[in-house]
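J.: Sharing a structure with you now.
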Amino acid sequence: MNNLASLLERLRLIFHEGTGLLTDPAMLRTFECDGLAHHRVIPAVVVLPTTAEQVEQTISICHDLGVPFVARGNGTGLSAGALPVAEGVVISLSRFRRIIEIDAPNMRAVVEPGVINLDLTKASVGDDLYYAPDPSSQQVCSIGGNVAENSGGAHCLKYGFTTHHITGLEVVTPDGELISLGAGKCVDAPGYDLLGAFIGSEGTLGVATKITTKLLKRPELVKTLIAAFDSTTSAGAAVSAIIASGILPAAVEMMDALAIEAAENAVHCGYPEGANTVLIVELDGPEGEVLAGMERVEAFCRECGAGELRIAADDEERALIWKGRKSAFAAIGTLSPDFIVQDGVIPRTSLPQVLAEIAELSRTSGIRVANVFHAGDGNLHPLVLFDERIAGDLETANAVSGAIIDLCIKYGGSITGEHGVGADKVSYMGKMFTEADLDTMQMVRCAFDVDNLSNPGKIFPTPRLCGEVPGRHHGVHPLVLSGEAELF
Amino acid sequence: MSSQPITSSGSFASPDTPRRDLLDECVHCGFCLPSCPTFVLYGEEMDSPRGRIYLMRAALDGAPINEEMVTHFDRCLGCMSCETACPSGVHYGELIEATRAQVERSYRRPLSTRLQRWIVFSLFPYPKRLAVARRFLRLYQQSGLERLVRTTRLLSMAPKFLQTMESIAPRIGPRESIAEFLPSLTETRGTVALLVGCVQGSFFPQVNEATVRVLRSEGFDVVVPTDQGCCGALSAHVGRLDEAREFARRLIDTFEAHEVEAVIVNSAGCGSTMKEYGEMLSGDRDYADRARAFGDRTRDIAEFLAGIEPIAPRHPLEITVAYHDACHLGHAQRVKQQPRQLLSAIAGITVREISEGEICCGSAGVYNIFEGLAAAQLGDRKAGNVASTAAQLLIAANPGCTMQIASALERLGTPMPTLHTIELLDASIQGESSEDLLERLTRRDGSRTGG
Ligand SMILES: Cc1cc2nc3c(=O)[nH]c(=O)nc-3n(C[C@H](O)[C@H](O)[C@H](O)COP(=O)(O)OP(=O)(O)OC[C@H]3O[C@@H](n4cnc5c(N)ncnc54)[C@H](O)[C@@H]3O)c2cc1C
Ligand code: SF4
Ligand code: SF4
Chain A
204 MNNLASLLER LRLIFHEGTG LLTDPAMLRT FECDGLAHHR VIPAVVVLPT TAEQVEQTIS
264 ICHDLGVPFV ARGNGTGLSA GALPVAEGVV ISLSRFRRII EIDAPNMRAV VEPGVINLDL
324 TKASVGDDLY YAPDPSSQQV CSIGGNVAEN SGGAHCLKYG FTTHHITGLE VVTPDGELIS
384 LGAGKCVDAP GYDLLGAFIG SEGTLGVATK ITTKLLKRPE LVKTLIAAFD STTSAGAAVS
444 AIIASGILPA AVEMMDALAI EAAENAVHCG YPEGANTVLI VELDGPEGEV LAGMERVEAF
504 CRECGAGELR IAADDEERAL IWKGRKSAFA AIGTLSPDFI VQDGVIPRTS LPQVLAEIAE
564 LSRTSGIRVA NVFHAGDGNL HPLVLFDERI AGDLETANAV SGAIIDLCIK YGGSITGEHG
624 VGADKVSYMG KMFTEADLDT MQMVRCAFDV DNLSNPGKIF PTPRLCGEVP GRHHGVHPLV
684 LSGEAELF
Chain B
988 MSSQPITSSG SFASPDTPRR DLLDECVHCG FCLPSCPTFV LYGEEMDSPR GRIYLMRAAL
1048 DGAPINEEMV THFDRCLGCM SCETACPSGV HYGELIEATR AQVERSYRRP LSTRLQRWIV
1108 FSLFPYPKRL AVARRFLRLY QQSGLERLVR TTRLLSMAPK FLQTMESIAP RIGPRESIAE
1168 FLPSLTETRG TVALLVGCVQ GSFFPQVNEA TVRVLRSEGF DVVVPTDQGC CGALSAHVGR
1228 LDEAREFARR LIDTFEAHEV EAVIVNSAGC GSTMKEYGEM LSGDRDYADR ARAFGDRTRD
1288 IAEFLAGIEP IAPRHPLEIT VAYHDACHLG HAQRVKQQPR QLLSAIAGIT VREISEGEIC
1348 CGSAGVYNIF EGLAAAQLGD RKAGNVASTA AQLLIAANPG CTMQIASALE RLGTPMPTLH
1408 TIELLDASIQ GESSEDLLER LTRRDGSRTG G
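Protein chains in written order, with the working numbering: chain A, 204 to 691; chain B, 988 to 1438.
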């Protein structure tokens, strides 16, 4: 308590109470969760910095007083990565959001962390450039959040994840030091790839305060096809055929009947009527290549049994196809009061078996599961529907959701494709990695955050004290002993 | 950890309690954040739709309705941009209206704020009082007093809300009253009634005149019931629900006396409220069904005209216009395509889109009077986006937007004449040339400088 009083006293020197510094319980509550709303913790304090200095000062104070802090972008994370710590500070970056520079000749942008992903693309349109990573939440998620989660999007198949598009970062480390990672606007820096280590670290290695991104030239032509199939299996076969032919689509997305219904309810996207499954394939690049490729894609789809098949005639039609796809998660709200968005990866070729097993899980449990996925790279997003008001429904849904992840591991996949581990999936880390694997990762964390103050409780099932020699635990872990952590 | 759902309504008391099941429809995805004007301005959770929904839930769970909380509810423009953006179909409008009713009932505002509200709500919803105000305003503008006040900055001592009202007031022209029945100019296709609107009728009578002319040219008899009162929109938007309901009942009574196929509205804010009468009076045994029927008959003028086969010939107008979606037309009534369609059907017209078009101009009923600073920032933002279209004319379908954007454009030093959609359509049907039109508008707006 005393700690909180001195924390507030020092934070008040930096922030204006009520606008930059929040302590009113109702206001604090609006920060209690991210996009995964069933994980909730009310923080002790929220600060809303607008400069790197303010972030630096805040973290220094936290470091001095041993107070944990959690960075937050726009709170769309789906793994409770921005879940606050009850006695800690939330550093909300949503107001720290200027686009500092669009360097068109070098095809780079420099932005503050709270800049919304899509706003960067909007700002570079005039130079015929765009920012490639496009999570479905791109209209709202922050680039800082994207960096922390190494977010992907529909176009990862061809263009890669966030990590492939960041060339430099300015970061405040957990002990309050402002450092630069990467090579600014250049591509490669000598020494350890600390930039790579930071991207995807989910806020556990510090807070990004400035981000240098690549911008890409807009492709000469973009063509988008939507095709209806009578099963996910036949649509899956079309995906395999396309990829085996050597065509590299910009995106290949699949949605099943339930997901289509939700999207149609929400945004009236006009998908082929009565489709059991739709496949969206987008090609981009030089005109000749795209047109020729599209003909072949169309042929593959037909061979695999596509019914109605449409190629968007203009940007408007194309936007509508994507609107349906990108609204799919949130649109599930029109079908069910509560749902869990799962995120797992499997080898693409296992798609039919895994989907069949998911359908079986759904049948036996009575829990509906809608499927939306980046079919090109085997990244599944099963949406597990439930109603929190019905006793036992949440537990069953959690069990189904967990079983889906077990399936992914069983088929040689991963427990997360792009949403991160956060607080939500810590307990699955042990299923995917050995103790030694996890210890090695934690040593990286220890190098940045000796006191375990930067977004504690995320990623790792068992926080370790950094003085320890990894891999060789003698007796009970000190944190377990002190009651601050428990072993899974 | 997580808050337990409790059945009592916490700091809220019935009636008009925000419904928990509606709050639960929010899945916390955040898609509404960037389209919310206050999130754009303040960049914080509590000034976003998602955050406000959270605050409503907190109050429902017992958190006190204190000054902080009220600030964030008050800052909401009620622009419904979040409803358009929300993929989950959250009925934000219903939630905020109920929340405001709670605030009105249980929260005591500071004296000066209460006074402001009293002045505004004793004036705007009453056409007769507005008519008096209108006469004073015309006198003020024509006597040279306005010029004097603006050059001497006399008003800088006055309360902020008065300064705002002074600065956004439009040019007042002479008023011609509209007859109660106006027959079609060709073979009659049907009969419609027209809502005059308090602000529209008092400050923009030319919009009503144009509406009537176009309807008559399109083959409709037009009934303009005399003694029609306020539709209740202004009251409903700030949570004075009982007052709004009373206005609604009176309006239904007045219009029911006439057998018409549609009630035509040319003021977006009024139209959106009238379409919701069914919901608003659902608890009133005598009026529930009638209110629903009335709402179903209500049509925005653009919506109505786009739905009929045009018969009045349009003459070309060589002009580039920027079309502004009034929030209560585009977001609340989802009437976006129809006005564009009507305009584009006129040969020679180029319609430019305004970037950030989904973001409110800050007018929002009486918002610009009560939340002057935020409204001015939004106005400037809108004006900048309008100016960069480099259009010759701004088209907006709501009197509040027209006043707000026109004054912001002027502040920015890039004045642009404004017209209602229907006025442009009227000019085309009347065969006015674009030169004459622009010339007429320049004369109308006169010089408004001096301040
Ligand atoms: C409807 C919907 C669709 C989605 N679709 C996709 C998708 O297609 N692909 C995808 O990858 N994700 C998707 N997501 C997940 C989410 O949008 C991403 O994880 C996004 O990157 C989170 O950004 P944010 O600004 O909301 O961050 P938050 O949720 O606020 O935070 C996420 C994490 O980043 C950390 N963080 C935030 N800012 C910083 C910073 N400046 N420095 C250090 N750490 C920071 C936080 O501590 C937290 O751990 C979706 C989410 C929703 C709701
Ligand atoms: S109505 Fe407008 S101002 Fe209010 S929360 Fe929705 S988008 Fe924001
Ligand atoms: S978009 Fe809708 S569901 Fe998503 S946070 Fe906003 S109100 Fe809630």
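For glycine and all other residues, C-beta sits at the position ideal for the given N, C-alpha and C.
All of these numbers come straight from a predicted model, not from anything done at the bench.
Does ligand 1 have even one heavy atom less than 8 Å from the beta-carbon of Phe1242 (chain B)?
T.: What you label residue 1242 (chain B) is simply residue 255 of the second sequence in a count that begins at 1. Because no heavy atom of ligand 1 lies under 8 Å away, the Cβ of Phe1242 (chain B) does not count as near it: no.
J.: Taking 8 Å as the line, does the beta carbon of Cys1073 (chain B) fall inside it for any heavy atom of ligand 3?
T.: Within the second sequence, residue 1073 (chain B) is the residue found at index 86, counting from 1. Because some heavy atom of ligand 3 lies under 8 Å away, the Cβ of Cys1073 (chain B) counts as near it: yes.
J.: Please indicate yes or no: does the CB of Cys1019 (chain B) lie closer than 8 Å to some heavy atom of ligand 2?
T.: Position 32 of the second sequence, counting from 1, holds the residue named residue 1019 (chain B). For ligand 2, at least one heavy atom lies less than 8 Å from the Cβ of Cys1019 (chain B).
J.: Per DSSP, which one or two residues make a beta bridge with His1311 (chain B)?
T.: For the purposes of this step, residue 1311 (chain B) is taken as the residue at position 324 of the second sequence. His1311 (chain B) is bridged to B:Ala1383.
J.: Heavy atom of ligand 2 less than 8 Å from the Cβ of Pro1005 (chain B), yes or no?
T.: Working through the second sequence from its first residue, we reach residue 1005 (chain B) at position 18. No, the Cβ of Pro1005 (chain B) stays beyond 8 Å of every heavy atom of ligand 2.
J.: Nearest-angstrom Cα distance between Ala1334 (chain B) and Thr1376 (chain B)?
T.: Walking along the second sequence from the start, residue 1334 (chain B) turns up at place 347. Walking along the second sequence from the start, residue 1376 (chain B) turns up at place 389. Roughly 20 Å between the two C-alpha positions.
J.: I need the straight-line Cα distance from Arg1121 (chain B) to Ala1309 (chain B), nearest angstrom please.
T.: Position 134 of the second sequence, counted from the first residue, corresponds to residue 1121 (chain B). Position 322 of the second sequence, counted from the first residue, corresponds to residue 1309 (chain B). Cα-Cα distance, rounded: 29 Å.
J.: Could you list the residues in the stretch 235-258 of chain A with a C-beta less than 9 Å from some C-beta on chain B, going in chain order?
T.: Taking 9 Å as the cut-off between beta carbons, the residues of the stretch 235-258 of chain A near chain B are Glu235, Cys236, Asp237, Gly238, Leu239, Ala240, His241, His242, Arg243, Val244, Ile245, Val249, Leu251, Thr253, in sequence order.
J.: What are the residues of the stretch 1034-1055 of chain B that lie near chain A, defined by any Cβ-Cβ distance shorter than 7 Å?
T.: Gly1038, Tyr1041, Leu1042, Ala1045, Ala1050, Glu1055
J.: Going by other Cβ atoms of all chains shown within 10 Å of its Cβ, with 16 needed for buried, is Trp1105 (chain B) buried or exposed?
T.: Translated into positions along the second sequence, residue 1105 (chain B) becomes position 118. So Trp1105 (chain B) counts as exposed.
J.: Which same chain residues, not among the five before or five after Gly1440 (chain B), have their C-beta less than 7 Å away from its C-beta?
T.: Absent from the model: residue 1440 (chain B). The displayed extent of chain B is 988 to 1438, so no value can be given.
J.: From the DSSP secondary-structure annotation, give me the bridge partner or partners of Pro742 (chain A).
T.: For chain A, the structure presents residues 204 to 691; residue 742 (chain A) sits outside this window and is missing.
J.: State yes or no: is the C-beta of Met632 (chain A) within less than 9 Å of the C-beta of Phe663 (chain A)?
T.: Taking the first residue of the first sequence as 1, we reach residue 632 (chain A) at position 429. Taking the first residue of the first sequence as 1, we reach residue 663 (chain A) at position 460. Cβ atoms of Met632 (chain A) and Phe663 (chain A): closer than 9 Å.
J.: Are the beta-carbon atoms belonging to Met1144 (chain B) and Leu1082 (chain B) less than 9 Å from one another?
T.: The residue given as residue 1144 (chain B) occupies position 157 in the second sequence. The residue given as residue 1082 (chain B) occupies position 95 in the second sequence. No.
J.: Indicate the three-state DSSP secondary structure (helix, strand or coil) for Ser340 (chain A) in the structure shown.
T.: Walking along the first sequence from the start, residue 340 (chain A) turns up at place 137. DSSP places Ser340 (chain A) in coil when its eight states are reduced to three.
J.: Within this structure, are the beta carbons of Thr1086 (chain B) and Gly1226 (chain B) separated by less than 9 Å?
T.: To locate residue 1086 (chain B), count along the second sequence from 1; it is residue 99. To locate residue 1226 (chain B), count along the second sequence from 1; it is residue 239. Gly1226 (chain B) is positioned such that its CB atom lies closer than 9 Å to that of Thr1086 (chain B).
J.: Could you run through the stretch 994-1019 of chain B and flag, in chain order, every residue whose CB is less than 9 Å away from some CB of chain A?
T.: Against chain A - using a Cβ distance shorter than 9 Å - the residues of the stretch 994-1019 of chain B are Asp1008, Asp1011, Glu1012, Cys1013, Val1014, His1015, Cys1016, Gly1017, Phe1018, Cys1019.
J.: Return yes when the Cβ of Ala1235 (chain B) is within less than 9 Å of the Cβ of Val1210 (chain B), no when it is not.
T.: Sequence index remark: in the second sequence, residue 1210 (chain B) carries index 223 (1-based). Sequence index remark: in the second sequence, residue 1235 (chain B) carries index 248 (1-based). Not in contact: Val1210 (chain B) and Ala1235 (chain B) (Cβ atoms no closer than 9 Å).
J.: Go ahead and label Thr1429 (chain B) buried or exposed: buried means 16 or more other beta carbons lie within 10 angstroms of its beta carbon, across all protein chains shown.
T.: Position 442 of the second sequence, counted from the first residue, corresponds to residue 1429 (chain B). It is exposed - the Cβ of Thr1429 (chain B) has fewer than 16 other Cβ atoms within 10 Å.
J.: Quick check on this structure: which residue in B:Ser1342, B:Leu1141, B:Gly1359, B:Gly1349 has the alpha carbon closest to the alpha carbon of Ala1378 (chain B)?
T.: Taking the first residue of the second sequence as 1, we reach residue 1378 (chain B) at position 391. The shortest Cα separation from Ala1378 (chain B) among B:Ser1342, B:Leu1141, B:Gly1359, B:Gly1349 belongs to B:Ser1342.
J.: Is Cys1016 (chain B) near ligand 2, judged by its Cβ being under 8 Å from some heavy atom?
T.: For the purposes of this step, residue 1016 (chain B) is taken as residue 29 along the second sequence, with counting starting at 1. Not under cutoff, so the answer is no.
J.: Could you give the DSSP three-state label for Tyr333 (chain A): helix, strand or coil?
T.: On the first sequence, position 130 is the one that residue 333 (chain A) refers to. Strand.
J.: Between the stretch 1155-1165 of chain B and the stretch 1388-1399 of chain B, can you find at least three pairs of beta-carbon atoms closer than 8 Å?
T.: yes
J.: With a CB to CB cut of under 7 Å and the five nearest residues on each side skipped, what residues in its chain are close to Tyr1354 (chain B)?
T.: Sequence index remark: in the second sequence, residue 1354 (chain B) carries index 367 (1-based). Closer than 7 Å at Cβ, skipping near neighbours: Leu1064, Ala1362.
J.: At 8 Å on the CB atoms, spell out the chain A contacts of Gly1371 (chain B), in chain order.
T.: Along the second sequence, read from residue 1 onward, the residue named residue 1371 (chain B) stands at position 384. Under the 8 Å cutoff, chain A gives no residues; its nearest Cβ is about 15 Å from Gly1371 (chain B).
J.: Per DSSP, Met635 (chain A) forms a beta bridge with which residues?
T.: Here residue 635 (chain A) is taken as the residue at index 432 of the first sequence, counted from 1. BP columns for Met635 (chain A) are empty, so no partner.
J.: Quick one: give me the first and last residue of the beta strand (DSSP E) that Asp1208 (chain B) is part of.
T.: Working through the second sequence from its first residue, we reach residue 1208 (chain B) at position 221. Looking at the DSSP string, the run of the beta strand (DSSP E) that includes Asp1208 (chain B) is 1207-1210.
J.: Which residue marks the beginning of the beta strand (DSSP E) containing Phe542 (chain A), and which one marks its end?
T.: Translated into the one-based positions of the first sequence, residue 542 (chain A) becomes position 339. Phe542 (chain A) -> beta strand (DSSP E) spans 541-544.
J.: By DSSP's criteria, Gly547 (chain A) is part of a beta bridge. Which residues make up the other side?
T.: Working through the first sequence from its first residue, we reach residue 547 (chain A) at position 344. Bridge partners of Gly547 (chain A): A:Leu583.
J.: Under the assumption that Ala229 (chain A) contacts Met1056 (chain B) (Cβ atoms under 8 Å), give the Cβ distance between them as a whole number of angstroms.
T.: The residue you call residue 229 (chain A) lines up with position 26 of the first sequence. The residue you call residue 1056 (chain B) lines up with position 69 of the second sequence. Contact flag correct, Cβ pair sits at about 6 Å.
J.: Cβ of Ser340 (chain A) within 8 Å of any heavy atom in ligand 1?
T.: For the purposes of this step, residue 340 (chain A) is taken as residue 137 along the first sequence, with counting starting at 1. At a threshold of 8 Å, Ser340 (chain A) counts as near ligand 1, since its beta carbon sits closer than that to one of the ligand's heavy atoms.
J.: Taking 9 Å as the cut-off, decide whether the C-beta atoms of Gly1258 (chain B) and Leu1182 (chain B) are in contact.
T.: For the purposes of this step, residue 1258 (chain B) is identified with residue 271 of the second sequence, where counting begins at 1. For the purposes of this step, residue 1182 (chain B) is identified with residue 195 of the second sequence, where counting begins at 1. Closer than 9 Å, so yes.
J.: Rank B:Glu1358, B:His1407, B:Leu1411 by C-alpha distance to the C-alpha of Thr1058 (chain B) and give the top, closest one.
T.: Here residue 1058 (chain B) refers to the residue found at position 71 of the second sequence. Selected option, being the one with the closest Cα: B:Glu1358.
J.: Return the CA-CA distance between Pro1146 (chain B) and Ile1382 (chain B), expressed in angstroms with no decimal places.
T.: Start at 1 with the first residue of the second sequence, and residue 1146 (chain B) comes out as number 159. Start at 1 with the first residue of the second sequence, and residue 1382 (chain B) comes out as number 395. The alpha-carbon atoms of Pro1146 (chain B) and Ile1382 (chain B) are separated by roughly 31 Å.
J.: Measure from the C-beta of Gly1352 (chain B) to each C-beta in chain A and report whether the shortest distance is under 9 Å.
T.: Position 365 of the second sequence, counted from the start, is the residue given in the question as residue 1352 (chain B). So no, Gly1352 (chain B) is outside the interface.
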